[in-house]
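Under my numbering, the letters of the sequence shown match residues 549 to 850, in that order. No residue lacks a Cβ here, since even glycine has one placed at the ideal position from N, Cα and C.
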Amino acid sequence: MPLQSPSYDPLATEGPEEKDWEGDQEKLAKIHFKILKGHTDAVTSCHFCFDDAKIISGSFDTTVKLWWSLSQDGLVTTCHISHDGKYVVSGSDLENALFICNVEDGEEVAFIRDYHRSTIQSCRFDPVNQRIATVSSDMSIKFWDIIARATTVTIEGAHTNAIADCCFSLDGHYLCTAGWDENIKLWDVRTGEFRSHGPMTLDPGHIGIVGSCDFSKDASCVVSGGYDKTIGVWDIGEAYQKISLKGHADWVTDVAISQDKKLLVSSSKDQTVRLWDIKNANEIPMVIQAVKTKGSKICKTS
């Protein structure tokens with residue numbers, strides 16, 4: 549079905565949902581956020597797109613919103629838009645299928661049944677829109693080539709439990725994965741070094757399952773969301789968790805960070821999408837203290 553244009557700007561500081569940015573529940577954090585309402589069931593996926601002018605989200609209510617809508621059969625477990633804005637890929641619980649369509653008219657490009665042995669938890673276009681990475685409850689990672697229309701790489705047993713999310717660094721060098729085994733892993737997919745040395749694993753920062761992850765544009769940090777209802781911001785260069793954000797009433801299903809690292813968007817089973825203003829995060833007392841202490845190195849070889 550055709551995609552519908554939004555009647556408001558979801559990234560504006562004022563809009564139909566909330567007139568003002570709300571404050572974080574943590575007094576020390578002083579992180580402002582905005583709640584976007586529209587889904588009628590758990591929101592499973594959210595991303596910035598079109599140079600951070602829009603937000604795309606997918607939900608168990610069977611819709612994908614760019615704050616336009618597209619319907620498909622089965623629960624939408626994940627969705628992503630290509631970097632050139634031409635295609636949307638989504639995963640469905642119906643036959644563990646991968647679905648690709650045109651953004652302009654919603655026309656089907658590909659529908660691949662039984663792509664994984666279990667639920668597709670996350671799908672991502674690489675930076676040059678040639679491959680789609682998918683991760684699944686079957687603990688595997690797959691790369692689907694758009695031109696060849698075939699799977700070119702499969703990594704079995706990538707985590708010791710279901711893999712919840714994945715994301716590419718902007719240069720396509722690394723793929724980050726987050727799993728139910730409480731681990732965040734970095735895979736060198738450009739050189740294939742993981743085949744001989746394995747991935748790099750970040751020390752646990754969430755209490756329990758890590759459900760989502762996203763690289764910043766410059767790959768200097770990774771943001772993560774957990775079943776502990778918190779969002780973590782990781783400084784990759786200095787190897788420490790910079791801050792933990794609290795505010796959602798249920799587990800955080802997805803996170804994304806804007807290109808300029810000033811905004812962070814998160815979705816949750818609480819049926820809300822939250823937009824966080826983190827541009828002044830370095831001025832927060834708890835972050836200043838974390839920078840001073842830094843702690844132990846968080847990267848280690850699996």
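Contact under 8 Å by Cβ, residue i with residue j
i           : j           : result
residue 592 : residue 776 : no
residue 641 : residue 625 : yes
residue 664 : residue 686 : yes
residue 713 : residue 768 : no
residue 758 : residue 774 : yes
residue 628 : residue 605 : no
residue 820 : residue 634 : no
residue 688 : residue 699 : no
residue 800 : residue 784 : no
residue 754 : residue 772 : yes
residue 590 : residue 817 : yes
residue 684 : residue 711 : yes
Nearest-angstrom Cα separation, counted from residue j out to residue i
i           : j           : result
residue 573 : residue 794 : In this prediction, residue 573 has a pLDDT of 44, which is less than 50 and means its spatial position is unreliable; what the coordinates show is noted afterwards. Straight-line Cα distance between these residues: approximately 7 Å.
residue 649 : residue 676 : 17 Å
residue 673 : residue 631 : 7 Å
residue 668 : residue 662 : 10 Å
residue 693 : residue 678 : 6 Å
residue 565 : residue 788 : Confidence in residue 565 is poor, its pLDDT being 43 and thus under 50, which makes the residue's placement too unreliable to answer from.
residue 569 : residue 827 : Bear in mind that a pLDDT of 43 at residue 569, under 50, signals an unreliable position, so the number given afterwards is only what the model happens to contain. Residue 569 and residue 827: Cα-Cα distance of roughly 14 Å.
residue 728 : residue 752 : 11 Å
residue 647 : residue 725 : 21 Å
residue 926 : residue 809 : Since the first residue of the chain shown is 549 and the last is 850, residue 926 is not available in this structure.
residue 653 : residue 636 : 11 Å
residue 842 : residue 786 : Since pLDDT at residue 842 reaches only 49, below the 50 mark, its modelled position is unreliable, and no value is offered.
residue 734 : residue 762 : 11 Å
residue 766 : residue 721 : 12 Å
residue 617 : residue 603 : Only weak support exists for where residue 617 lies, its pLDDT of 45 falling under 50; the coordinates are left without a value.
residue 680 : residue 695 : 11 Å
residue 660 : residue 804 : 26 Å
residue 691 : residue 806 : 25 Å
residue 607 : residue 596 : 16 Å
residue 682 : residue 697 : 14 Å
residue 730 : residue 770 : 15 Å
residue 814 : residue 791 : 15 Å
residue 748 : residue 798 : 29 Å
residue 782 : residue 764 : 10 Å
residue 651 : residue 811 : 24 Å
residue 657 : residue 705 : 30 Å
residue 719 : residue 739 : 13 Å
residue 732 : residue 655 : 35 Å
residue 823 : residue 594 : 11 Å
Which residues DSSP lists as bridging residue i, in chain order
i           : result
residue 774 : 758
residue 673 : 680
residue 722 : 736
residue 625 : Beta-bridge pairing links residue 625 to no other residue.
residue 851 : Here the chain comprises residues numbered 549 to 850, so residue 851 is not present and cannot be evaluated.
residue 596 : 603
residue 727 : 711
residue 716 : 723
residue 703 : 689
residue 658 : 648
residue 780 : 772, 792
Span of the alpha helix (DSSP H), counted from its first residue to its last, around residue i
i           : result
residue 744 : 742-745
Boundaries of the beta strand (DSSP E) in which residue i is found, first to last residue
i           : result
residue 639 : 635-640
residue 819 : First-last for residue 819: undefined, no H or E at that position.
residue 748 : 748-750
residue 651 : No beta strand (DSSP E) contains residue 651, which DSSP labels as neither H nor E.
residue 875 : The structure shown does not extend to residue 875, since the chain is modelled only from 549 through 850, so no value can be given for it.
residue 708 : Counting along the chain, residue 708 falls outside any beta strand (DSSP E), and DSSP gives it neither H nor E.
residue 797 : Looking at the DSSP string, residue 797 is not in any beta strand (DSSP E), and its letter there is neither H nor E.
Any chain B beta carbon closer than 8 Å to residue i
i           : result
residue 669 : Protein chain content of the structure displayed is limited to a single chain, and chain B is not contained in it.
Residue i: CB within 7 Å of a non-hydrogen atom of the ligand NAD
i           : result
residue 693 : Inclusion of the ligand NAD in the displayed structure is not the case, the ligand content being empty and no account of it being possible.
Expected contact under 8 Å - CB spacing of residue i and residue j to nearest Å
i           : j           : result
residue 750 : residue 737 : Their Cβ separation, rounded to whole angstroms, is 17 Å, which puts residue 750 and residue 737 out of contact at 8 Å.
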